[in-house]
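Asks: The structure follows.
2 protein chains.
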Amino acid sequence: MIKPRTPPGVLELLPRDQIAFQRMLDTIRATFERFGFLPVETPVFELSDVLLTKSGGETERQVYFVQSTGALEKTGDALPELALRFDLTVPLARYVAEHEHDLAFPFRRYQMQRVYRGERAQRGRFREFYQCDIDVIGKDTLSPRYDAEIPAVIHAAFSALNIGAFTIQLNHRKLLRGFFEGQGIADDRQVAVLREIDKLDKRGEDAVKATLAGEGFGLGADAIDRLMAFSRVRSQGHDDALAKLDALGAGTPLFEEGREELRALLQRLRAMGVPESDYAINLSIARGLDYYTGMVYETQLDAHPQIGSICSGGRYDNLASHYSKSRLPGVGISIGLTRLFWQLREAGLVATADSSVDVLVSLLDDAELDHALALSQRLRAAGLNVETQQEPRKLAKQLQYADRAGIRFVAIRGEDEAAKGVVAVRDLRRGEQFEVAEAELPSALRTELEQAKLKL
Amino acid sequence: MIKPRTPPGVLELLPRDQIAFQRMLDTIRATFERFGFLPVETPVFELSDVLLTKSGGETERQVYFVQSTGALEKTGDALPELALRFDLTVPLARYVAEHEHDLAFPFRRYQMQRVYRGERAQRGRFREFYQCDIDVIGKDTLSPRYDAEIPAVIHAAFSALNIGAFTIQLNHRKLLRGFFEGQGIADDRQVAVLREIDKLDKRGEDAVKATLAGEGFGLGADAIDRLMAFSRVRSQGHDDALAKLDALGAGTPLFEEGREELRALLQRLRAMGVPESDYAINLSIARGLDYYTGMVYETQLDAHPQIGSICSGGRYDNLASHYSKSRLPGVGISIGLTRLFWQLREAGLVATADSSVDVLVSLLDDAELDHALALSQRLRAAGLNVETQQEPRKLAKQLQYADRAGIRFVAIRGEDEAAKGVVAVRDLRRGEQFEVAEAELPSALRTELEQAKLKL
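Residue numbers (the working numbering), protein chains in the order written: chain G, 9 to 464; chain Y, 9 to 464.
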């Protein structure tokens, strides 16, 4: 006998949690499609030499290698042929480069699949987790206008997920870099300075200031104060965001370019009707220091800042330089749904879902089995999810089962009901019971369920 | 520069094929949920010692092993710790055994995930492919009544997939084994005889007869004739199925048990309204010779028998003997969707889907961008999937793009339309154009799309 157990670092769910998770996936997918993104799925493994284009990447990314039985002995010193994807960005780059001539650009794709990282096993760290990504990829160029749709998608997705108030935080790398230039911080030092500023929350202002003044950085007190003031800029509401942008001291031409793009983006968010309470400028946001070149996005749950950013991304210059000579600029975001789901559950913000089964058709008398089967099929034809009790049991047991399983309705047809041509319906959510003519049962239950959905 | 390419043996799709594939997945999922099955997802990898409970299983199953970077050197002679699932049955067994005390039995689960096999690379053979499985698992016992729901699910799924007429073929291992017993073929020889009978189509009747008469089997001519006659039994319609069952010569008590269960199943299929043209008895079907113990199912597309069974399964005695002392009998089926999709496409039976985008909101004049963005959002609020043209281009170019992308509607608002307060809608499927008041556009397009769906 072997002890049944999952490997460490995976999130395997019981069915009712899986239903809740699946609903989140479905909601995100519907939102992505609402904004015109097209589905892509890639294989779980890529060729190792394709996946690992940078030397040393395999250790950085904690890559999992894949070998079939026969290959185990042969590999020797060479890396195994296959490796599991560690994100959805590298597969996207490979996909776009491989299918470049079959795709229409700007190419808007969404991808919702699991990715794999050999993380140290630790509570809340996952070795297998879902990412839900969208990206718009241009060929040669991609207008900054596409950047404005991204917060609208984030807004629509998290509104639909209904997990509480959130704020989409906006910054622009050109604004940042232009400002740094203005302070005399050279290109090659900016990343290091940004990294220090990123630590403000953790280390506190004094410690970060000391580091920036110390050797290695050697910034003057005035420059440091301006940096601090800059990184503290947060807006509240649309007009305030524009005013805060206007109030920023002038920087280099790059700075003005960033300011102009950010202004235009704010205008388009207003045109799209994204509520101004749900986005803000936050000039401390840097993200993917070496990767993003324009807009950057983070999203926080207002009541749960400790969860960190639940949806992040930005604009990048070239998606697939390792695979294609074409310049493929893009903008995109990612939701790490496994981690988010786990955190929401830990915080009590997602409840175990009701069953995906709408109705249990009960069975009280063995002779009524065929009738119960036929009734179940009529309910299914009306679009209801139905479980049929296959063997007669005491009604109390069947009700108890439905209650524990999270099934809302139980259809009951005993001798009395059969004589009257009705079916009794126990509504376990409301704790009520009502009778309905058997022919009316499908439409009656459908109406009940549609009303319940509208109330959500 | 690295050549972007996928590993051999995977099916990666362009977006419009992915949309068609996703619709099939959605249809199957909706059907499984219609019949009260609950979703389960398991990790892509299992612990090797859990996955490979039988010695030698790893070569039989062409297992892929998984190792993180650090573990590559350490493994030595031992098998790597992790391996990719090669089907959904072993993970189900592990899941049910691991979560036994948290599940309600009979446990009805569906699972639709990819599985991995290191198959020899060959056209139409996949190393990564989707399986779509349902199983009902009982604790200690599971009434044969659950077996009758399975063909009803198969019927509903393939009716909804709309890929042509199909026949669900039914047989019962007890009927087979009881008949064999009656012919004096001992238990331990039955599997070998079945294997020969399975070759009837390939080798032809004479060759199989010769083998069964030869040494190793040594069956008499009469017994062989009865075997052949038995395995040729096919029914056409419900009454014929019952009559063919009745006409079978008596066998052992096991045979009678099988006959009785098959009769009862036919009655329940009728009660559930499964059309009698869509199922048949086929006594040559054996399937998973060592595994199934009761009902067995196969499904064929009537016009494409060369595709083979597109959905198969059966009843088994004990799901998880390696992981649990509980007896867990079950019944289930599996659809290998990747292979099916590939074959349907090869046979020209699935077309490239229309885009998931319903409407392209065009842009003719840069000054109208905000208006186009706002209109797009109103359409999205009405449940439409909308792409917004972000930069003005000639209308002909935008129409051409929509046509190539499979987007049915293009919303056009030039100067004339704006002056009249209308939007022109080009319907690329019908090749028509109509005008509608701008305020009415969301409901007008929604109605069009709902009508199109009804016609499918």
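Where is the CB? At the ideal position from N, CA and C, for every residue including glycine.
Is there a C-beta anywhere in chain Y that falls below 7 Å from the one on Pro15 of chain G?
Replies: For this step, residue 15 of chain G is matched to residue 7 along the first sequence. With 7 Å as the cut-off, Pro15 of chain G counts as an interface residue toward chain Y.
Asks: From Ser151 of chain Y to Tyr299 of chain G, what distance separates their C-alpha atoms?
Replies: Locating residue 151 of chain Y in the second sequence gives position 143, where the first residue counts as 1. Locating residue 299 of chain G in the first sequence gives position 291, where the first residue counts as 1. So the alpha carbons of these two residues sit roughly 59 Å apart.
Asks: Under 7 Å between C-beta atoms, does Leu55 of chain G make it to chain Y?
Replies: Along the first sequence, read from residue 1 onward, the residue named residue 55 of chain G stands at position 47. Closer than 7 Å: yes.
Asks: Since Thr61 of chain G meets chain Y, which of its residues come closer than 7 Å, beta carbon to beta carbon?
Replies: As a working mapping, residue 61 of chain G is identified with position 53 in the first sequence. Correct list: Ile10.
Asks: Assign His109 of chain G to one of two classes, buried (16 or more other C-beta atoms within 10 Å of its C-beta) or exposed (fewer than that).
Replies: Taking the first sequence and counting its residues from 1, the one referred to as residue 109 of chain G is at position 101. Answer is exposed; the Cβ neighbour count stays below 16.
Asks: Scan the region 121-132 of chain Y for residues whose Cβ lies nearer than 8 Å to a Cβ of chain G and list them as they occur along the chain.
Replies: If the cut-off is 8 Å between Cβ atoms, the region 121-132 of chain Y has Arg122, Tyr124, Gly126 near chain G.
Asks: Is the CB-CB distance between Asp366 of chain Y and Leu457 of chain Y below 7 Å?
Replies: If you number the second sequence from 1, residue 366 of chain Y lands on position 358. If you number the second sequence from 1, residue 457 of chain Y lands on position 449. A contact, by the Cβ cut-off of 7 Å.
Asks: Output needed for Asp148 of chain Y: all residues of its chain with C-beta closer than 6 Å, excluding positions within five of it in sequence on either side, in chain order.
Replies: Looking up residue 148 of chain Y in the second sequence gives position 140. If we look at Asp148 of chain Y and ignore the five residues flanking it on each side, its Cβ neighbours are Arg335.
Asks: Determine, for Gly146 of chain G, whether the minimum Cβ-Cβ distance to residues of chain Y falls below 7 Å.
Replies: Indexing the first sequence from 1 puts residue 146 of chain G at position 138. No, because no Cβ of chain Y sits closer than 7 Å to the Cβ of Gly146 of chain G.
Asks: Could you check if Gln6 of chain Y is buried or exposed, using at least 16 other CB atoms within 10 Å of its CB as the buried criterion?
Replies: Since the first residue shown for chain Y is 9 and the last is 464, residue 6 of chain Y is missing from the structure and cannot be characterised.
Asks: From what residue to what residue does the alpha helix (DSSP H) around Leu348 of chain G run?
Replies: Sequence index remark: in the first sequence, residue 348 of chain G carries index 340 (1-based). Where Leu348 of chain G is concerned, the enclosing alpha helix (DSSP H) stretches over 345-354.
Asks: I want to verify the contact list: residues of chain G whose CB lies under 8 Å from the CB of Tyr154 of chain Y, in sequence order.
Replies: Counted from its first residue, the second sequence places residue 154 of chain Y at position 146. Chain G residues near Tyr154 of chain Y: Gln398.
Asks: Please list the terminal residues of the continuous beta strand (DSSP E) segment that includes Gly132 of chain Y.
Replies: Sequence index remark: in the second sequence, residue 132 of chain Y carries index 124 (1-based). Note, Gly132 of chain Y: premise wrong, no beta strand (DSSP E); not H, not E.
Asks: Counting only C-beta atoms, is Met280 of chain G closer than 7 Å to chain Y at any point?
Replies: On the first sequence, residue 280 of chain G is found 272 positions in, with the first residue counted as 1. It does: the Cβ of Met280 of chain G has a partner Cβ on chain Y nearer than 7 Å.
Asks: Could you check whether the region 326-340 of chain Y touches the region 100-107 of chain Y, counting it as contact only if at least three pairs of C-beta atoms, one from each stretch, sit closer than 8 Å?
Replies: Result yes; three or more Cβ-Cβ pairs closer than 8 Å.
Asks: Of the choices Y:Asp378, Y:Ser363, Y:Leu371, Y:Arg412, whose alpha-carbon is the least far from that of Asn393 of chain Y?
Replies: On the second sequence, position 385 is the one that residue 393 of chain Y refers to. When only C-alpha atoms are compared, the closest one is Y:Ser363.
Asks: Are there 16 or more other CB atoms within 10 angstroms of the CB of Arg116 of chain G, so buried, or fewer, so exposed?
Replies: As a working note, residue 116 of chain G is residue 108 in the first sequence. Counting Cβ neighbours within 10 Å, Arg116 of chain G comes out buried, since at least 16 surround it.
Asks: Can you give me the C-alpha to C-alpha distance between Asp214 of chain G and Val201 of chain G, rounded to a whole angstrom?
Replies: Against the first sequence, residue 214 of chain G aligns to sequence position 206. Against the first sequence, residue 201 of chain G aligns to sequence position 193. Taking the straight line from one Cα to the other gives about 15 Å.
Asks: Within 10 angstroms of the Cβ of Pro159 of chain G, are there 16 or more other Cβ atoms? Answer buried if so, exposed if not.
Replies: Reading the first sequence from its first residue, position 151 is the one you call residue 159 of chain G. When all chains shown are included, Pro159 of chain G counts as buried.
Asks: Can you check which of these residues, Y:Gln191, Y:Gly391, Y:Tyr287, is closest to Phe8 of chain Y by C-alpha distance?
Replies: Residue 8 of chain Y falls outside the range modelled here, since chain Y spans only 9 to 464, and no answer is possible.
Asks: Looking at the secondary structure, which residues open and close the beta strand (DSSP E) in which Gly321 of chain G lies?
Replies: By 1-based counting over the first sequence, the position of residue 321 of chain G is 313. Residues 320-324.
Asks: Assuming the contact rule is C-beta atoms closer than 8 Å, Phe45 of chain Y and Tyr138 of chain Y should be a hit. Round their C-beta distance to whole Å, please.
Replies: For the purposes of this step, residue 45 of chain Y is taken as the residue at position 37 of the second sequence. For the purposes of this step, residue 138 of chain Y is taken as the residue at position 130 of the second sequence. The pair is not a contact, with the Cβ atoms about 16 Å apart (cut-off 8 Å).
Asks: I want to verify the contact list: residues of chain Y whose CB lies under 7 Å from the CB of Tyr409 of chain G, in sequence order.
Replies: On the first sequence, position 401 is the one that residue 409 of chain G refers to. Going along chain Y in sequence order, the residues near Tyr409 of chain G (Cβ under 7 Å) are Ala112.
Asks: Of all the beta strand (DSSP E) runs that stay within the bounds of the region 23-57 of chain Y, which reach a length of 3 or more residues?
Replies: The region 23-57 of chain Y contains these whole beta strand (DSSP E) runs: 53-55.
Asks: To which residues of the same chain is Leu274 of chain Y closer than 7 Å at the C-beta, ignoring the five residues directly before and after it?
Replies: Position 266 of the second sequence, counted from the start, is the residue given in the question as residue 274 of chain Y. Cβ within range, chain order: His246, Ala249, Leu250.
Asks: Answer yes or no: does any C-beta atom of chain Y fall closer than 7 Å to that of Ala390 of chain G?
Replies: Position 382 of the first sequence, counted from the start, is the residue given in the question as residue 390 of chain G. No, no contact with chain Y.
Asks: Have a look at G:Thr39, G:Val18, G:Glu189, G:Lys11 and flag the residue whose alpha-carbon is nearest the alpha-carbon of Gly132 of chain G.
Replies: Walking along the first sequence from the start, residue 132 of chain G turns up at place 124. Per the Cα distances, G:Val18.
Asks: Taking the alpha-carbon of Asp57 of chain Y as reference, which of G:Pro12, G:Asp95, G:Leu381 has the nearest alpha-carbon?
Replies: As a first step, residue 57 of chain Y is located in the second sequence; it is residue number 49 there, counting from the start. For the residues G:Pro12, G:Asp95, G:Leu381, the minimum Cα distance to Asp57 of chain Y belongs to G:Pro12.
Asks: Would a C-beta distance cut-off of 7 Å place Glu204 of chain G and Leu178 of chain G closer than the cut-off?
Replies: Numbered from its first residue, the first sequence carries residue 204 of chain G at position 196. Numbered from its first residue, the first sequence carries residue 178 of chain G at position 170. No, they are not a contact pair.
Asks: Quick check on the burial criterion: 16 or more other C-beta atoms within 10 angstroms. Buried or exposed for Arg438 of chain Y?
Replies: In the second sequence, counting from the first residue as 1, residue 438 of chain Y sits at position 430. The residue is exposed, with fewer than 16 neighbouring Cβ atoms inside 10 Å.
Asks: At the level of alpha carbons, what is the spacing between Gly257 of chain G and Leu277 of chain G?
Replies: Taking the first sequence and counting its residues from 1, the one referred to as residue 257 of chain G is at position 249. Taking the first sequence and counting its residues from 1, the one referred to as residue 277 of chain G is at position 269. C-alpha separation (whole angstroms): 24 Å.
Asks: If you drop the 5 nearest sequence neighbours on each side, which residues of the same chain put their C-beta closer than 6 Å to that of Arg122 of chain G?
Replies: For the purposes of this step, residue 122 of chain G is taken as the residue at position 114 of the first sequence. Excluding residues within five positions, the ones whose Cβ falls inside 6 Å are Glu136, Tyr138.
Asks: Could you check which residue in G:Met120, G:Glu423, G:Leu253, G:Thr396 has the C-alpha nearest to that of Ile415 of chain G?
Replies: On the first sequence, position 407 is the one that residue 415 of chain G refers to. Nearest of G:Met120, G:Glu423, G:Leu253, G:Thr396 to Ile415 of chain G, Cα basis: G:Thr396.
Asks: In angstroms, rounded to a whole number, what distance separates the CA positions of Ala355 of chain Y and Leu169 of chain Y?
Replies: The residue given as residue 355 of chain Y occupies position 347 in the second sequence. The residue given as residue 169 of chain Y occupies position 161 in the second sequence. Each residue's Cα considered, the two are about 16 Å apart.
Asks: Can you tell me the Cα-Cα spacing of Asp254 of chain Y and Glu269 of chain Y, whole angstroms?
Replies: For the purposes of this step, residue 254 of chain Y is identified with residue 246 of the second sequence, where counting begins at 1. For the purposes of this step, residue 269 of chain Y is identified with residue 261 of the second sequence, where counting begins at 1. Taking the straight line joining both Cα atoms gives about 13 Å.
Asks: Quick one: list the residues of chain Y neighbouring Gln26 of chain G, beta-carbon separation under 8 Å, in chain order.
Replies: Here residue 26 of chain G refers to the residue found at position 18 when the first sequence is read from its first residue. Simply Leu46, Pro47, Val48, Glu49.
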